[in-house]
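The structure appears below as structure tokens.
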Amino acid sequence: MKTIVEGKLRAIDLSMGWAGPLLGELLAEMGAEVIKIEDTLHFDWWRGSLSMGPPEMQVIERSAPFNTANRGKIGATLDLTNPRAIEIVKRLIATADIVIENYSPDVMPKLGLGWETLAPLNPRLVMISMPSFGAEGPERNARGYGNTIEAVAGVTGLVGYHDGGQPYTLSNALGDPSAGLNGLFAVLVGLREREETGRGQHIELAQVEGVVPFVGEAIIECQLTGRVPKPRGNRHPAHAPHGIYGAGSGYVALAAESDDQWRQLAHALGLDALAGDPRFATEADRKRNEDALDAEISAAVKDLGAEETSRKLIDVGLIAGQVNSAADILGDAQLSGRGFFVPVERAVVGTHLYPGVAEHFSETPLVPDRPAPLLGEHNRKVFGEILGMSDAEIEALERDKIIGTLPRQLASKAA
Amino acid sequence: MPYSSLRKTRVVDLTHHIAGPYATRLLAEVGADVIKVEPPWGEGARKAGPHLPSHSNGANGDRGGRFAFLNTNKHGVTLNLKHPRGVELLMRMLEGADLLIENFAPGTLDRLGIESAELLKRFPKLSVVSISNFGADGPDRDARLNDLVLYARGGWTYPVGERDREPLTPPGSLVQYLGGLFGAIAAMQAMLARDLTLGHGQHVDVALLEAAALTMIYEPVGFQYSGVVRERAGKRFAVGPFMIVTLKCRDGYAGLQCVTDKQFESLCDLMGRGELATDARFNTALQRYVNNDALLAIVEEFFLQHDRKWLHREGQARAIPLVGIPNVAELLEWEQLTSRNYFETINDPVLGRIRIPGAPLRMGSHRPEPSRPAPLLGEHNRDILCGRLGVSDRELQDLQAARTV
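Keeping their order, the protein sequence lines are chains L and A.
Sequential numbering of the first sequence, starting at 5, is according to the numbering used here.
Sequential numbering of the second sequence, starting at 35, is according to the numbering used here.
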């Protein structure tokens with residue numbers, strides 16, 4: 005089957021971490037040629053830290069997040085503090101459709117790679133810049149990662165147990181994947197605009213501004229009611245039960261969203277007496293007596309298995325699911341049933357299952373099962389085949405440490 | 035605020051609640067022509083909150099906050115798709131359309147006699163994007179689901195909260211929004227595939243559970259590499275070679291995400307404890323992992339003595355990802371966003387003047403324009419049905435009398 009773009013688009017990915025690299029990875033899944041540029045000294049920080057192990061461990065090639073977020077890319081190195089490297093990356097950009105960067109706003113212009121410089125080289129270029137807080141504004145230079153971006157976007161303040169205590173950061177650094185996805189949407193809009201006008205453009209994606217809409221309802225609630233929404237924990241303002249309960253060695257999430265569902269749930273858990281208990285007869289009763297209700301349910305499920313309990317409830321049409329750990333999720337019935345996790349073979353680490361796709365195209369499937377590049381793995385391809393440099397030229401770049409396949413910290417020790 | 039970029043893109047929107055409407059909201063924000071088709075009694079989200087205090091008994095007058103937010107810049111039409119005449123009008127709407135986007139339970143369109151395979155044959159330019167909880171197939175396709183279970187199965191919930199308590203679910207409907215974003219992406223990708231490689235449209239099946247699993251940080255992969263599962267670590271995101279933590283300070287809470295060696299040195303400087311950067315307990319990433327508890331105790335004590343604003347300002351001055359944690363009322367007044375005119379004041383016909391979040395992207399090619407509020411139920415029936423599809427005034431009256439419109 006064909007891919008969405010069949011290699012007809014080329015992206016230069018200058019980003020690090022998750023947000024920008026995810027955008028590049030999603031383009032690679034569409035069949036675009038995505039060239040990831042790293043520096044051998046300041047390589048992608050999501051590869052981890054050299055100080056985590058001895059050199060022969062190749063620690064930076066064993067990062068699960070890096071190896072996931074950079075699948076399908078062509079990997080090259082360039083020391084962008086060197087003017088020769090800047091000339092080379094400009095030559096690449098002149099041949100490209102897309103440039104991805106997620107530095108602070110001043111970095112690209114300082115490198116000599118600002119939009120004003122790049123646009124004349126390639127009028128069809130779509131460039132996306134993904135600063136944390138935006139290219140303008142009093143905090144334009146602020147540093148942010150997924151968790152702190154999620155926090156300033158108003159999400160973290162809403163995460164907390166129902167009975168008080170502190171806020172918690174989410175488990176997935178939400179600011180990062182949301183920026184990668186918002187960035188992809190933005191690039192696709194830029195490409196479509198280009199189809200109509202023939203012109204590229206520079207698109208700015210302030211990562212925080214892509215997260216705020218997710219709490220849009222809380223922002224409006226605060227204006228309509230004059231009250232600041234507080235964390236609700238695992239509870240729901242109208243429905244009960246609605247919670248997470250220890251079950252065997254794991255946890256089960258379950259809820260009843262009507263009186264009928266509650267009675268069904270009580271029977272399914274063997275709590276027949278409770279189905280007729282006046283303390284729990286209506287939603288209002290159950291909300292009023294929610295502590296007692298939760299205690300009854302906790303006692304009923306604590307010795308059962310999480311997966312068996314949720315399966316039993318799902319099978320009778322109730323709302324339930326196991327609270328999946330990183331290990332459990334690999335066996336989730338629905339995800340496995342759809343073949344969500346896909347095997348990928350990657351040098352140094354071998355073959356593992358990686359997350360697949362959330363969008364299933366009937367004719368142009370996404371391709372999530374190609375490995376992430378090793379540091380500088382495709383230098384020959386990028387500088388030789390794409391830019392037409394001679395072997396002697398490439399060797400000179402290696403000698404001058406403008407490109408390489410080892411972290412410069414190690415290469416200089418070896419030399 | 036919308037950009038009039040995709041003016042030639044025509045979207046027929048059969049969505050309801052959150053994920054589908056957010057997908058079409060994003061498309062409308064970049065200028066696509068979106069016709070939202072609702073049943074004559076209105077889609078479910080019109081009854082959803084947040085409500086004005088005077089509307090809290092369900093009598094919310096056409097819409098609540100969710101609908102008002104998620105349906106700006108769309109045209110609103112009513113059609114009863116259980117009536118053959120309703121389906122017929124939908125078909126006429128689909129002529130010339132690029133996209134049909136829907137988030138009914140799988141199988142619903144088929145039951146209405148609107149099978150996507152048939153649509154794709156009849157309208158070669160058209161792509162159909164379906165967003166559903168579990169996707170179009172699989173053993174749990176028809177299972178009931180809510181946000182609580184979506185987060186739990188997707189892997190988001192397990193690592194959050196106190197070690198000696200039950201895991202803590204994320205708030206709101208974040209995955210539904212992400213699912214909507216995936217839907218908007220799928221729509222753009224389908225058009226790109228049509229124009230670049232296929233020559234015709236196709237069907238895209240978007241699953242919220244997969245959206246959740248895909249945006250979970252990649253720990254199922256890490257687990258296979260290392261055999262380690264991240265457990266709840268209280269105020270810490272995790273115990274690792276970093277300090278990602280939510281800390282109490284004098285007037286609230288702050289978030290710190292100290293990852294690199296350089297950031298750690300800057301953090302030591304911020305705390306006036308430069309000697310810690312060379313302390314053998316903390317001077318490598320590995321040591322900071324091994325001695326994470328000791329390091330946390332030091333950082334914790336320092337934060338308790340300072341205010342959010344000071345920590346945010348002084349941390350950022352040293353290039354440390356460190357922020358004060360706002361509530362949503364404070365978020366609305368944050369100068370970084372207000373100076374960028376990020377929030378847009380719309381004059382909603384029911385809720386009045388409200389400030390809503392703006393577009394996630396800023397296009398160099400266009401200036402943003404003021405949003406149109408979400409449509410009243412059937413607000414554009416005449417414009418679309420008579421103006422575009424050529425239905426006569428008389429026919430429209432008949433359709434209304436028959437409750438088809």
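All C-beta atoms in this analysis are idealised placements derived from N, C-alpha and C, irrespective of residue type, glycine included.
Computed from a predicted model, the values in this text were never measured in an experiment.
Residue of the options minimising C-alpha distance to residue i
| i | options | result |
| --- | --- | --- |
| L:TRP119 | A:GLY398, A:ASN415, A:LEU423 | A:GLY398 |
| A:ARG228 | L:ASN328, L:ASP336, L:THR368, L:ALA303 | L:THR368 |
| A:GLU63 | A:LEU226, A:ALA218, A:THR294 | A:ALA218 |
| A:LEU208 | L:GLU105, L:LEU209, L:GLY220, L:VAL193 | L:GLY220 |
| A:THR191 | L:SER133, L:PRO87, L:GLY247, L:THR81 | L:GLY247 |
| L:LEU18 | L:ILE97, L:MET61, L:GLY11 | L:ILE97 |
| A:ASP96 | A:GLU72, A:ASN107, A:ASN114, A:SER39 | A:GLU72 |
| A:TYR252 | L:LYS291, L:LEU117, L:LEU178 | L:LEU178 |
| L:GLU306 | L:ALA32, L:GLY274, L:PHE137 | Note that residue 306 of chain L is Lys in the sequence shown, not Glu. That would be L:GLY274, whose Cα lies nearest to the Cα of L:LYS306. |
| L:GLU33 | L:HIS364, L:ASP395, L:GLY392, L:PHE387 | L:HIS364 |
| A:ASN240 | A:PHE138, A:PHE276, A:GLY256, A:THR280 | In the sequence as presented, Asn is not what sits at residue 240 of chain A; that position holds Val. It is A:PHE138 whose Cα lies nearest to the Cα of A:VAL240. |
| A:GLN291 | L:ALA337, L:ALA155, L:ALA415 | L:ALA155 |
| A:LYS296 | A:LEU310, A:GLY76, A:VAL425, A:ASP285 | A:LEU310 |
| A:THR58 | A:PRO36, A:TRP75, A:GLY76 | A:PRO36 |
Listed by chain order, chain L residues near residue i by CB distance under 8 Å
| i | result |
| --- | --- |
| A:GLN229 | Before going further, note that residue 229 of chain A is Asp rather than Gln in the sequence given. What A:ASP229 touches in chain L: GLU199. |
| A:ASP174 | ILE318, ALA337, GLN338, GLY341 |
| A:ASN375 | By Cβ distance, chain L contributes nothing, its closest Cβ being about 10 Å from A:ASN375, past 8 Å. |
| A:LEU215 | SER182, LEU185, ASN186, PHE189 |
| A:ASP198 | The premise fails here: A:ASP198 is roughly 11 Å from chain L at the closest Cβ pair, so nothing lies under 8 Å. |
| A:TRP190 | LEU174, SER175, ASN176 |
One or two residues paired with residue i in a DSSP bridge
| i | result |
| --- | --- |
| L:PRO347 | L:LEU357 |
| A:CYS420 | Its beta-bridge partners do not exist; DSSP assigns none. |
| L:HIS246 | L:ALA259 |
| A:ILE380 | A:ILE388 |
| L:LYS40 | L:ASP17, L:GLY79 |
| L:HIS206 | L:MET131 |
| L:ALA251 | L:GLY254 |
For residue i, the three-state DSSP class (helix, strand or coil)
| i | result |
| --- | --- |
| L:ALA139 | coil |
| A:THR112 | strand |
| L:ILE64 | helix |
| A:PHE316 | coil |
| A:LYS70 | strand |
| A:ILE165 | strand |
| A:VAL273 | coil |
| L:SER133 | strand |
| L:PHE365 | strand |
| A:ARG428 | helix |
| A:GLN434 | helix |
| A:GLU136 | strand |
Buried/exposed call for residue i, threshold 16 Cβ in 10 Å
| i | result |
| --- | --- |
| A:ASN375 | exposed |
| L:ASP167 | exposed |
| L:LEU125 | exposed |
| A:GLN431 | exposed |
| L:ALA288 | exposed |
| L:PRO171 | buried |
| A:ASN453 | For chain A, the structure presents residues 35 to 439; residue 453 of chain A sits outside this window and is missing. |
| A:ARG156 | exposed |
| A:LEU338 | exposed |
| L:HIS206 | buried |
| L:HIS271 | exposed |
| A:ASP132 | buried |
| L:VAL352 | exposed |
Neighbour list for residue i in chain L, Cβ cutoff strictly below 9 Å
| i | result |
| --- | --- |
| A:LYS155 | Correct list: empty, because the minimum Cβ distance to chain L is about 12 Å. |
Per-residue contacts from residue i into chain A (C-beta, under 8 Å)
| i | result |
| --- | --- |
| L:GLU65 | Going along chain A, no residue has its Cβ under 8 Å from L:GLU65, so there is no contact; the nearest lies around 11 Å. |
| L:ALA244 | By Cβ distance, chain A contributes nothing, its closest Cβ being about 12 Å from L:ALA244, past 8 Å. |
| L:ARG196 | SER39, LEU40, THR43, MET222, MET225, LEU226 |
| L:PHE137 | GLN370 |
| L:GLN62 | Correct list: empty, because the minimum Cβ distance to chain A is about 13 Å. |
Beta-carbon neighbours of residue i, restricted to chain A and to distances below 7 Å
| i | result |
| --- | --- |
| L:MET56 | PRO275, ALA319, LEU320 |
| L:GLY220 | PHE103, ILE390, PRO391 |
Closer than 9 Å at the beta carbon, the chain A residues around residue i
| i | result |
| --- | --- |
| L:GLU213 | LEU371, ARG374, TYR376, PRO391, GLY392, ALA393, PRO394, LEU395, ARG396 |
Any C-beta of chain C under 8 Å from that of residue i
| i | result |
| --- | --- |
| A:ASN180 | Structure shown: chain C not included; protein chains present are L and A. |
Neighbouring residues, chain L, relative to residue i (Cβ below 7 Å)
| i | result |
| --- | --- |
| A:ASP341 | The contacting residues do not exist; A:ASP341 stays about 16 Å from chain L at best. |
| A:GLN291 | TYR149, ASN151, THR152 |
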